[in-house]
Amino acid sequence: MQLLKLSETVNFMKLRVPAMILSTVLILASIFSLATNSLNWGLDFTGGTLIEVGYEQAADLGEIRSSLAANDFPDAVVQNFGSSTDVLIRIAPREGVKAVTIGDQVIDILQQADSSVEKRRIEFVGPNVGEELTEQGGLAMLVALICILIYVAARFEWRFALGSVSALIHDVLLTLGLFSFLQLEFDLTVLAAVLAVIGYSLNDTIVVSDRIRENFRKIRKGEPVEIINISLTQTLNRTIITSLTTVLVLLALFFKGGALIHGFATALLFGVVVGTYSSIYIASSVALALGISKEDLMPPQVEKEGEDLDAMP
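If you count the sequence shown from 1, you need to add 920 to reach the working numbering.
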C-alpha cells in the first residue's frame, strides 16, 4: 500500500542544516526548562497517601473527583482498582498532616456523598520509595541507550550507532522538555511512555538505516547525500502509514482514555511526531556529518581456502 506515489527523489538532506539548528534550539530550551522548572513529579515519585474504598454499585469517578476537589483535594488521583466498584485514591503528601488524618478526611467526604462507601485500606508511600523510582527510571533510560548504541554499532556501523543514539536523546529531551514547560504531571505511566518513544523511534531509525546500507551496496555511483535521499524517499510511505496508524490509536486514548491515561497519551503522541522527524533529520544527518561512505558499509571480503596457493607461481 502506498499513500504517496513519488516519481522523483525527495531532497530531504537539503533541509538538514536548518533542521539541526531547530533541534539544537529546542534541546537547549528543554534543558533550560528542566533546569529551572524541573518536572511536575507525580505521586509515584513524591510519595503520598493511598486510600482504597468500595462501593455497592459502580463508582462515578468524575463525581468522586468533583467532591474531593470541592473539599481541598484538587490534586487527588482517582481510578478504578480491579473492578468498577473498587476505587483507589492517591493524595500527594501535605506538610504537617499525617497520612492517617488525610485518609480519614477523604473517607468522611466520600461517605457524606454516599453512606455505603466502605473503607478498605489506607497506606502511606514514603518519599524514599519515590526517590528510588526516580533513580531506577533514569537508570533504565541510560541502560537502554547504551544497549542500543552497542547493538546498532555491531549491526550496522558506528556512525549509524551515534546517529541513532543522538536521535533517541533528542526525542527524550524534547518530550521531557514538553512536560517541564507545560508542568504536566510526570508519573510512572509517562515514564513508560518515554521508554516506548525510545522503542518507536529506534524502530523507525533502524528501518531507515537498513535501507541506506542496502542502497550504498546496490547503487554503484552516487554521493552519500543522494543515496540517503533515495533511501528516505523509499521508506517515506512506510513511515507515514506507521505514524498515522499509531497516532489514530493515541488520539483515541488522548480524548477518550480519561484523566489517568492522559499523560501517557500526550507523551506518546508528541514522541511519535519527534521520533519520525528525528529518524529522518537527526540520525541520517549525524551519520552523514561523520562521513559515512560506501566503503564503510561494504561487507568484508572473505578469503577462500587455498586462494593464496593458487596465486603462487
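For glycine and all other residues, C-beta sits at the position ideal for the given N, C-alpha and C.
Pull the bridge partners of residue i from the DSSP assignment, please.
i       : result
Gly974  : Asp1006 and Glu1038
Val1045 : Gly968
Ile1011 : Thr969
Asn960  : Glu1105
Return the CA-CA distance between residue i and residue j, expressed in angstroms with no decimal places.
i       : j       : result
Asp1107 : Gly1177 : 16 Å
Thr944  : Phe1080 : 19 Å
Ala939  : Leu1093 : 16 Å
Val1017 : Arg1010 : 15 Å
Glu928  : Thr1155 : 13 Å
Leu1173 : Leu1180 : 10 Å
Ala1231 : Lys1138 : Because the pLDDT of Ala1231 is 49, which lies under 50, any placement of that residue in the model is unreliable, and the number read from its coordinates should be weighed accordingly. In a straight line, the C-alpha of Ala1231 is about 29 Å away from that of Lys1138.
Val872  : Ile1202 : No answer is possible for residue 872: it lies beyond the span of the chain, which begins at 921 and ends at 1233.
Ile1118 : Ile951  : 18 Å
Gly1023 : Asn957  : 30 Å
Ala949  : Tyr975  : 47 Å
Leu1111 : Ile1126 : 23 Å
Thr1095 : Val1085 : 15 Å
Ala996  : Thr1166 : 30 Å
Ser1204 : Cys1067 : 20 Å
Leu981  : Ser1036 : 15 Å
Gly1083 : Asn1135 : 18 Å
Val973  : Leu1008 : 7 Å
Leu1210 : Glu1146 : 16 Å
Trp1078 : Asp1130 : 14 Å
Val1206 : Val1192 : 20 Å
Looking at residue j and residue i, is the spacing between their C-beta atoms short of 7 Å?
i       : j       : result
Phe965  : Thr1054 : yes
Gly1183 : Glu1105 : yes
Ile1148 : Ile1132 : yes
Ala1033 : Ser987  : yes
Val1045 : Gly967  : yes
Ile1029 : Asn991  : yes
Ser1100 : Ser1213 : no
Can you tell me where the alpha helix (DSSP H) holding residue i begins and where it ends?
i       : result
Asn1135 : Leu1108 to Lys1138
Gly1142 : Note, Gly1142: premise wrong, no alpha helix (DSSP H); not H, not E.
Ala1033 : Ala1019 to Ala1033
Ala979  : Ala979 -> no alpha helix (DSSP H), and no H or E assigned at all.
Val930  : First-last for Val930: undefined, no H or E at that position.
Gly1016 : Gly1016 -> no alpha helix (DSSP H), and no H or E assigned at all.
Leu1210 : Leu1210 -> no alpha helix (DSSP H), and no H or E assigned at all.
Phe1174 : Leu1156 to Lys1176
Ile1200 : His1182 to Tyr1201
Note the first and the last residue of the continuous beta strand (DSSP E) segment covering residue i.
i       : result
Asn1000 : Val997 to Phe1001
Closest to residue i by C-alpha separation, out of the options, would be which residue?
i       : options                               : result
Leu1164 : Pro1144, Val1145 and Leu1189          : Leu1189
Asn960  : Glu1052, Val997 and Leu1102           : Leu1102
Ala1060 : Ala1113, Phe1099 and Gly1191          : Ala1113
Asp1091 : Leu981, Gly1211, Ile1200 and Ala1074  : Ile1200
Pro1013 : Ser953, Ile971 and Met933             : Ile971
Leu1122 : Glu1143, Ala1087, Pro1144 and Glu1146 : Ala1087
Val1020 : Val1007, Thr1005 and Ile1042          : Ile1042
Tyr1197 : Asp1124, Ile1212 and Val1169          : Asp1124
Ala978  : Asn991, Pro994 and Phe1001            : Phe1001
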